[in-house]
Ligand SMILES: Cc1cc2nc3c(=O)[nH]c(=O)nc-3n(C[C@H](O)[C@H](O)[C@H](O)COP(=O)(O)OP(=O)(O)OC[C@H]3O[C@@H](n4cnc5c(N)ncnc54)[C@H](O)[C@@H]3O)c2cc1C
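Numbering (the numbering used here), first residue to last: 2 to 328.
Encoded structure:
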């Protein structure tokens, strides 16, 4: 499959990138590593008139520790760089675990953290060639007005299928976004809409520039578990991240998040209450497993049945809690 034709813009600063976004709003698409965007363009899921290749913006490739505040990660930092970072492995292990499960080593060399956070939602009725989609009458997410997953429904249920956002939610990550009015910050938990066809709260001329991990969550123990068909490469069909502040035998604070089973990644709201002040054991891990499965809404958007994916959320939540708890 060939790419559609487009004009390529290569800014070297964030200000220049935003200028292009403002000038061509609605007709321009940001390209970071391109590992998801390029195949999608070949399938004609995106046919932008302009492609904004941001890889020349050096400041977005930096990763560093701000003493007392935490870690600052440029949107262009690759997943391999996170995987290779000893600091991330020791201080933010849940992110390290999630990053190293994304795709394959070669894709992680190209794929960026920013691209992973902004990844398009996925559905078996959407991630197909133009001919395939046309033969089915298209769908709400692209070119059509019907949903094959929830017939009669008016919204898109495509699943958010990136791994690292579940880990980042557990770390209370914050995003810095650049746009025509300057820079703004938002918590990752407030970034997603929960709607498949318009997945994130980013205006047409805005871009993600940096990710902040707070010092308060450094040193939390972590685990990430993921369901996929081929262990070596596939997108998640269900994912569970767990981060525990547990300096001794009891949990002092906790976060659990799920991905790939809803149109957005979500924190499990009752998880901290169920774990704080307790020891990690079979019982507390089983409670978390039930809570995680309760907010999972897998539909027929992905390979494997919804029932199996929900069951695996349960299995993985339990395993991740026990692993993070050191059991
Ligand atoms: C075979 C295969 C397997 C894969 N498996 C996985 C997997 O297991 N887990 C997983 O999470 N992903 C997987 N991916 C998807 C992809 O490789 C990763 O999600 C990667 O991190 C995407 O980053 P990127 O820089 O390549 O993004 P791109 O493809 O460049 O961009 C992805 C989307 O984000 C937008 N975007 C990128 N950067 C910004 C920014 N700074 N501001 C605003 N918008 C931005 C783009 O416009 C585009 O819509 C897989 C891809 C392939 C081809």
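Quick reminder that beta carbons are idealized off the backbone N, C-alpha and C, glycines included.
Quick check: the segment 217-230 against the segment 161-169, are at least 3 beta-carbon pairs closer than 8 Å? yes
Quick check on DSSP: helix, strand or coil for residue 99? helix
Could you round the C-beta distance between residue 254 and residue 246 to whole angstroms and report it? I think they count as a contact, below 8 Å. 4 Å
Taking C-beta to C-beta, are residue 55 and residue 61 nearer than 8 Å? yes
Report the three-state DSSP secondary structure of residue 313 (helix, strand or coil). helix
Taking residue 192 as the reference, which of 183, 204, 182, 35 has the closest Cα? 204
From residue 140 to residue 133, what does the alpha carbon distance come to, in whole angstroms? 12 Å
Look at the alpha carbon of residue 206 and the alpha carbon of residue 82, and state the distance between them as a whole number of angstroms. 28 Å
Go through its chain and collect everything with a Cβ distance to residue 307's Cβ below 7 Å, but skip five positions before and after it. 299, 300, 301
Residue burial classification, residue 179 (beta-carbon count within 10 angstroms, cutoff 16): buried
Check whether residue 63 and residue 71 have beta carbons under 8 Å apart: no
Taking 7 Å as the cut-off, is the C-beta of residue 91 nearer than that to any heavy atom in ligand 1? no
Residue range of the beta strand (DSSP E) that residue 152 falls in? Neither: residue 152 is in no beta strand (DSSP E) and is coded neither H nor E.
Hey, quick one: how far does the alpha helix (DSSP H) through residue 289 stretch, first residue to last? 283-296
Cβ of residue 103 versus every heavy atom of ligand 1: is any distance shorter than 7 Å? yes
What are the uninterrupted segments assigned as beta strand (DSSP E) that are 3 or more residues long and contained completely in the segment 6-67, given in chain order? 8-10, 29-32, 51-54, 64-67
Would residue 102 and residue 37 qualify as a contact pair, given that the criterion is a beta-carbon distance under 8 Å? no
Limits of the alpha helix (DSSP H) - the one that residue 254 falls within: Counting along the chain, residue 254 falls outside any alpha helix (DSSP H), though it belongs to the beta strand (DSSP E) covering 254-260.
Below 8 Å on the Cβ atoms is my contact criterion, and I expect residue 121 with residue 200 to pass it. Report the Cβ-Cβ distance as a whole number of Å. 7 Å
Should residue 117 be listed as close to ligand 1, given that the test is whether its C-beta is under 7 Å from any heavy atom? yes
Could you check what DSSP says for residue 175 in three-state terms: helix, strand or coil? strand
C-beta atoms of residue 84 and residue 109 nearer than 8 Å: yes
Closer than 7 Å: is that where the CB of residue 236 sits relative to any heavy atom of ligand 1? yes
Here's the rule: buried if 16 or more other CB atoms are within 10 angstroms of the residue's CB, otherwise exposed. What is residue 208? buried
Is any heavy atom in ligand 1 found nearer than 7 Å to the beta carbon of residue 30? yes
Between 52, 7, 304, 287, which has its C-alpha nearest residue 316's C-alpha? 287
Taking C-beta to C-beta, are residue 257 and residue 314 nearer than 8 Å? no
Looking only at C-alpha atoms, which of 279, 309, 303, 269 sits nearest to residue 290? 269
Taking 7 Å as the cut-off, is the CB of residue 72 close to at least one heavy atom of ligand 1? no
First and last residue of the uninterrupted alpha helix (DSSP H) at residue 115: 114-118
Closer than 7 Å to a non-hydrogen atom of ligand 1 - does that hold for the CB of residue 212? no
Applying the 10 Å Cβ sphere with the 16-neighbour rule, what's the burial state of residue 2? exposed
Along the chain, where does the alpha helix (DSSP H) that runs through residue 132 open and close? 131-136
8 Å CB neighbourhood of residue 271 in its chain, flanking five on each side removed: 292
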